[in-house]
Structures are given as structure tokens and as C-alpha cells.
Amino acid sequence: MTTEQSQSVKHTVVALVEDRPGVLNRVASLFRRRGFNIDSLAVGTTEETGISRMTIVVESENGIVDQVQKQLGKLIDVISVSDLTHEDAVSRELALIKVACTTEQRREVLDLVDIFRARAVDVSPGSLIIQMVADERQLDSLLENLEPYGVLEMTRTGRIAMLRGETTTAMHATEPEDVLRFHRQLGRRVEGELPYVSD
Amino acid sequence: MKMSGADIVLECLKRIGIDTVFGYPGGVVLPLYDRFPAHPEIRHILVRHEQGGGHAADGYARASGRLGCALATSGPGATNLVTAVQNAMMDSVPTLFITGNVARNLIGKDGFQEADATGIMEPCVKHNYLVMRTENLAYTFAEAAYLATTGRPGPVHIDIPKDVFTDEAEFEWPGEISVRGYDIPGAAPQDDIDAAAKLIDEAERPLIIAGHGVILGDAHEELLAFAEHSGVPVLNTLLGLGSIPRTHVLSYGMMGMHGSYEANMAASNADVVIGIGNRMDDRAIGRFNDFNHHAKLIHVDIDPGEHGKNLPTAVPILGDVKQVLPQLTSAVRARSHMDWIRWIDEERDAHARSMAIPSGPELTTQHVIKRISDLNDDETVIVTGVGQHQMWAAQHLRVTRPHQLITSGGLGTMGFEVPAAMGAQVATPDRTVWSICGDGGFQMTLQEIATMVDEQLPVKLAVINNGFLGMVRQWQELFYEDNYVSVAMSQPDFVKLADAYGIKAIRVTEKDEVDAAIEEANAHNGPVLLDFQVEAESNVWPMVPAGAALSETVEAPEPETASEVTS
């Protein structure tokens, strides 16, 4: 098992999915039932109405990631899947870190924040909230440096990634009008409806 | 024109070619049931349990190749359906499952008979829907039928709240279905065909493993043409039986845990293995890591997820078998692998004992199955349950056409046999349908006999009565040192039971009564139950112990005598 783990890498898989209720459940359920481990998962809207983008970080061997991609692709609500791990891509994560910090310590903490090109977004007599956008390694490194002061709370968004240059993983295929109308009717959660509606 | 949701659903069923619904009513589907009489083109068959309805839809689809349909109410109706849905999922059977749900304002409020059917079904289906607006019903049904029947087929589930049935909307049938996250592979890229052809042409000991995909993809003729042209012998997975006539000279029957000795040896000694519409299941392949290290694997499948899932694959070919097989046929040289075929034949002849039918005076399951096969023509449909009798059926039945043998493969669902046979009989009213039932599985779903009586479905129920859960007993004998735990079952008097249901019954206790009983059942126009009281403690041989490699196939221990040898 340990040898297997040592061979495994963190893969960045980008899935474009129909922006419909229930799609996150389908993806999460797939990972659970196939025994794939999710390191992080970030979901958000895209430039295209009706399409959401999921960036999923999976720690596994190459063969497994191939299966992850194929199994994801089988989900009807998943439009396309790409593995950006070995591509020339920009990859970022945002973290908010609340660190304990007396007024005497504030200067040195703010110096650290500067060195890491992070920002202090909230200041109080006993603490600071630091916001940092970077890749995971830099975030981990900042965190390590803040630990001596006492990290009170942290939240991270998980990785998002995008190919450099003009190439995209985006999806601009438009659909026939009646299909579009159907999705429009079906896909949007109307106020007062339940959050868990999987169409 | 505005129509109620209930009318729209029934109109949709007609449009997608559903003529029969196996259903069970309940509170939330009452608005739908209320409208059935207005749509006489759709036959509603009242089953006795939702699982029975689900398996019947499955059997209907497998016997006919058409979309099967089952209907249940919310809550317990939906949960009772789940086994049948997963069964259809594992075996890629085109099926449509419809459930009602509580009214929209009650969803999430733990309403009476509420269950999260959409969430429960999600991992068991190809796709599913909760339809929250009546105006979306038509498109949903059109898309559902499209998804269930195209590509790799499978179950699709539609959950409909009660008030979506009662609301009204314009009926608009979509002119075209487009699902941007869904591609249907067709012909394969020529590069892949060429790569495969090169391997096949260079092979000395090539072998085809033909699976359910050949039958689902209606490609049995194309398979035969490819096998005959390339001269490559053909093995089948359990569900692949029927993709090539078992009587054909290149057909070597089933491989796997209870496959024939020669099939497993051929698979272990081939230098090129061509998987066609199969999913390299552990029961067929044995221990993955030790499946024939010398063989290069070519794998034709319509589902890219199957490529490399269980075995490393030299040439994965993504495509529709019906189109890929002719591509392969025209790409490979015509050959006849006489030395290789002779090698397999010699293995078969030297190990004929391993699958022989016991010749002694006692009544055995193998004998019953062989006689059912011999005394019926190839138009007969044979459905089985799961366990020893299923494996003996796979070994000894003469399966010569697709849709002839119907059995629960992937999920291994005991209790499949009675309702699936019922569904097969509905789909093919002109065929004789035999259901070979285990005495365990039979008691899981035998209530559907009442449905057969109501609907006048003349299914022949051959109950293999050995008083044991035979396969479990075999494992306890072989792997748990004869420690029989919860495996012997007392049985009701099956003849009296049949009598209570008002159907004909024949008890068979002697070997020489078998033929007459089968013929009497075939001559009877109505459901028949045959209670075959067979020898209790036979084992299925050969056997690949669980977790062993295919090359480690174990044969019957010496003392078992054998004489009658099947092809």
C-alpha cells in the first residue's frame, strides 16, 4: 500500500457540468462508490450560462485517474472532462486564515504577509484575517510560518485551474432551441423550490 | 391542447413504444391509474410486489430487446423497486422505472410514504429525473427513453410528484433529443482497427470473449461473420451465451468461475484475447492480476469506462459492436487456427469428466436441465435464478440464439427467475417460456404466480428442489469445512402451493419421470409448476475458487462418476 501511495500524484481534473440541481450529488456519489478519493472540489459558474465548472483534485495513480475521467464522463450531466495535471496551466487556491496576533506581534506578521504577497483583510486587537491567493505549496508555507502565532481558523477554497494561452477546456456548443427551453425551465431552481431537486 | 400530467405520461409511454407497464398502485400514483382506462393501448399488469414488477420489466426487455417499463408508488413502492433497478443496471438492460412521489409541497417534509427515491436510485441508474413541472414531462420521457435504449443501455428512473400528475400543461413532443454530455459511439477509428488487426493477424492462439454487449448491440450475425472469417474460437461470458450458437464449431461455451475446463485453459493460454462487449468481470476473468500474462488484450466496448477498468488493455476499441465487428472482419486475414483449435479440443476431451452429467440413478439438476433443453426447441426462452442451477444451466443448455437465455448476471439476484419469466412471456406470447427456479429464489418472488394466473401467462416453472441454498452449501462444504450454517431449508409442499394458486403442478422424484413431466408441462396451456426433488448435495464443477486465477480451475474430485458428456 505504501509503495502505491508513494507513486500517486495529485491530479487536477476539470469537469464541465450542466448547472442543474443534483449534479454535485451525482459527482460526489460517483467518487464515493468507485472508491476514488477527493482531495478538494471547487464548483462555480462559467462564462457560459447553464454550465458549471468543477475542479477536482484527486490523489491517485495514473491508471486510476484515467478511470476517474471515464467514469465522470459517463454521467449524463457531465459535458466534458479534462486532466490538467500535465498541462501548462495556472492553478490557484484562495485561503482565509485567522491568526492570533497581539498588537506587538502585528508588525512581524504583516511582514510575513508581505513576503508571501498575501493581504490582511481584517484587523482586531487580538487577531488578523489573512487572505492569500496562491498555489497550495505557497499556502502551506505561509501556514507553517503563521503556526507559531496560533492559527485560530482557516478555510480554503480548493484548487481551481485554467490552461495558459488561447487553448481552453471551455464548452460553447449551443443546443437546439426546444432543448434549450427545456433546460431553462428545468435547470433553474425557482424560488420556494427545494434545494435537493435532481432533474 | 392542455392535458393533465397523468395523460401526458401515458401519451409519452405510447410515443416511446411502451405497450406494457408492470405496476403496483398506491396513493400518489392514483391520478395516473385513474387515466389508464382512457389509454387502452397500454396494458397495465398488476404485479404482487414492486420487485416482481421491476424484474418483469427486465425480463420483458431481455426477451424482446425492447424497452421494459415498471411503475410503483412513492416510499415503499420505490424502495421495493431498487433491487430490480440495480439488477438492470449491472446487466445493462434498457428499462424505464417510474415512481410517484408525494406532492411538491410535501417533499422534504417527511410526508406519508415519502422516500428520497431520486437519491436512492441515483447510483443504480444510467440517469434519473425528478420532474417538478408538468410541462417538462414530455421532454423528460423522450430523453429518458433515448438514454435507456442507446449507447450502453440501462435503467432510467423518473420520479413524479403527485400534483405533477394532476396539473395541466400543453403536450409538446420534442422533435429532437440532444444531450450534450452524452455521445453514442459508432464505428471505431481506423487506426484502432488496424492496430487490432495487426495483433490478430500475428496471433497463433487468438481467442474471442463475447459478452452481453453483442446481444444488446444486435451484433450476433456480425460476430459469427468475424469469427468464421478470422477462424478465432469464441468463449462467452454468462450473459454472452446466445451471441454465437452453442452448436457452432467455434463456440466453446462459458468461461469463468464455473466455465468449462477447456474454456478456462484456452483463456489462460491464448496469445491475443479479443473481448467484445464484455466487462472483464471477476467471475469471468478470475483474479485480475493473474489473468494470462502472455496475452495481449483487444477490448471492443461502447462504454469507454470498461477499457482498462479491470485489465490492462493493449488495444481499446471504442465503438458500437455492430459497426466495429464488420470493420474488424474486413481488416483481418482469413485464417483457420487448426493447431490451436485442436489444442482446445484435446483439453476438452481430456477433461470431459469435469462437466459430465452424473449417470447414476438419482435425479440430478443437471439431468433436469439437459432434458428441458433437449425437449424444447431453440425458440423456447429459458429464464434462470441464481446459484448452482444457474451455472448448470449455463453449462448444459443448448443456447443458439440471442434472448434465448435470460439470467441475472452482474447482481446475481435470487428471485429474478419467476417475475423475469413472467415479463419474458408477456414480451413473447408466442414462445414457450421456462423458468428454472432455485427452491430458495423461488420463495422470494413466487407471489407473481397470482399475476400469471390473472394474465393467463403459461410460464413453465421448474423448481429445482434440493432443500438447500445449493451454492452457499457448496462453498460451506468446500471452503468452510462442511460447516453448514443457515443453508438447509424446509420447503412447503410446492404442489399444494401451486394448487392453492390454481395452477397445474407435477411432482417429480425419479429420473425416469422427467421427460414425461416436461412434455406434460409443454402440452399444458397455462402456468405449470414442476417440483423436481433432486439429489441434495451435488457440487458444480469445474470451479475457480473465489480469488483464484482462471488457470487454477479445479475439477471434480475423482470419485464422482461420469459418462453422459455434453457438447
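Protein chains in written order, with the working numbering: chain A, 1476 to 1674; chain B, 53 to 619. In this text, a Cβ means the ideal position worked out from N, Cα and C, and glycines have one as well.
Practice problem: Select from 486/B, 216/B and 53/B the residue whose C-alpha is nearest the C-alpha of residue 511/B. | Solution: 486/B
Exercise. May I ask which residues mark the beginning and end of the beta strand (DSSP E) holding residue 488/B?
Key: Per DSSP, residue 488/B belongs to the beta strand (DSSP E) from 485 to 490.
Practice problem: Tell me, please, whether the segment 502 to 519 of chain B touches the segment 448 to 462 of chain B by the rule of three or more beta-carbon pairs shorter than 8 Å. | Solution: In this structure the segment 502 to 519 of chain B does not lie against the segment 448 to 462 of chain B, because fewer than three pairs of beta carbons, one per stretch, are closer than 8 Å.
Self-check item: Beta carbon proximity, residue 231/B to chain A, threshold 9 Å
Solution: yes
Quiz item: Hey, is residue 1550/A's beta-carbon within less than 9 Å of any beta-carbon in chain B?
Solution: The beta carbon of residue 1550/A falls within 9 Å of a beta carbon belonging to chain B, placing the residue at that interface.
Quiz item: residue 1606/A bridges to which residues according to DSSP?
Solution: 1571/A and 1594/A
Quiz item: So, does the CB of residue 1622/A fall closer than 9 Å to a CB anywhere in chain B?
Solution: Chain B contact via Cβ: absent.
Quiz prompt | Cβ neighbours of residue 216/B in the same chain (closer than 8 Å, five flanking residues each side left out) | solution = 57, 156, 183, 184, 185, 186 and 189
Quiz item: Hey, is residue 454/B's beta-carbon within less than 9 Å of any beta-carbon in chain A?
Solution: no
Quiz prompt | Cβ neighbour criterion (16 or more within 10 Å) applied to residue 105/B | solution = Classification for residue 105/B: buried.
Practice problem: Check residue 595/B in the structure and name its three-state DSSP category. | Solution: The three-state secondary structure of residue 595/B, taken from DSSP, is strand.
Self-check item: Sequence-distant residues of its chain with Cβ nearer than 7 Å to residue 551/B (five each side left out)
Solution: 557
Quiz item: What residues of chain B sit near residue 1553/A, judged by a beta carbon separation below 7 Å?
Solution: 233
Practice problem: Over the uninterrupted beta strand (DSSP E) stretch that includes residue 304/B, give me the two end residues. | Solution: For residue 304/B, the enclosing beta strand (DSSP E) has its first and last residue at 303 to 306.
Quiz item: Taking C-beta to C-beta, are residue 497/B and residue 103/B nearer than 9 Å?
Solution: yes
Quiz item: Less than 9 Å separating the beta-carbons of residue 308/B and residue 290/B?
Solution: yes
Quiz item: Given a threshold of 16 other Cβ atoms within 10 Å of its Cβ, counted over all protein chains shown, does residue 269/B qualify as buried or as exposed?
Solution: buried
Practice problem: Sort out for me which residues DSSP pairs residue 1629/A with in a bridge. | Solution: 1572/A
Self-check item: Any C-beta of chain A under 9 Å from that of residue 54/B
Solution: no
Quiz item: According to DSSP, is residue 1532/A helix, strand or coil?
Solution: strand
Practice problem: Return the residues of the segment 142 to 174 of chain B that lie within a Cβ-Cβ distance of less than 9 Å from chain A, sorted by chain order. | Solution: 156, 159, 160, 168, 170, 171 and 174
Quiz prompt | Closest Cα partner of residue 480/B within the set 114/B, 448/B, 316/B and 59/B | solution = 114/B
Quiz prompt | Chain-order list of residues whose beta-carbon lies under 8 Å from that of residue 1594/A (same chain, five-residue window excluded) | solution = For residue 1594/A, same chain residues with a beta-carbon under 8 Å away, outside a window of 5 residues either side, are 1588, 1605, 1606 and 1607 in chain order.
Practice problem: Return the Cβ separation of residue 1531/A and residue 1493/A in integer angstroms, given the expectation that the two are a contact with Cβ distance under 8 Å. | Solution: Not really, about 16 Å apart at Cβ, beyond 8 Å.
Quiz item: For residue 1479/A, which three-state DSSP category applies?
Solution: Below a pLDDT of 50, predicted positions are generally treated as unreliable, and residue 1479/A, at 42, falls in that range; no measurement from the model is reported.
Exercise. Going by DSSP, name the residue or residues bridged to residue 1520/A.
Key: 1527/A
Quiz item: So is residue 1477/A in contact with chain B if we call contact Cβ pairs under 9 Å?
Solution: Low local confidence applies: a pLDDT of 38 at residue 1477/A is under 50, so the model's placement there is unreliable, with the coordinate-based value given in what follows. So, not an interface residue.
Quiz item: From residue 388/B to residue 297/B, what does the alpha carbon distance come to, in whole angstroms?
Solution: 19 Å
Quiz prompt | Of the residues 1548/A, 1596/A, 1563/A and 1557/A, the one placed nearest residue 1689/A, counting alpha carbons only | solution = Residue 1689/A is absent from the structure shown; chain A starts at 1476 and stops at 1674.
Quiz item: How many Å lie between residue 168/B and residue 148/B at the Cα?
Solution: 18 Å
Quiz item: Nearest-angstrom Cα distance between residue 347/B and residue 601/B?
Solution: 14 Å
Quiz item: Can you give, in chain order, each stretch of the beta strand (DSSP E) that sits fully within the segment 83 to 130 of chain B and has at least 3 residues?
Solution: If we require 3 residues or more, the beta strand (DSSP E) runs fully inside the segment 83 to 130 of chain B come out as 95 to 98 and 120 to 124.
Self-check item: Minimum C-alpha distance to residue 322/B - residue among 310/B, 344/B, 331/B and 495/B
Solution: 344/B
Quiz item: Quick one: what does DSSP say residue 182/B is sitting in, helix, strand or coil?
Solution: strand
Exercise. Could you give the DSSP three-state label for residue 1578/A: helix, strand or coil?
Key: Residue state, collapsed to three classes: coil.
Quiz item: Hey, residue 545/B and residue 519/B are a contact pair by Cβ (cut 8 Å); roughly how many whole angstroms apart?
Solution: In fact, because the Cβ distance is near 13 Å, the residues do not count as touching under 8 Å.
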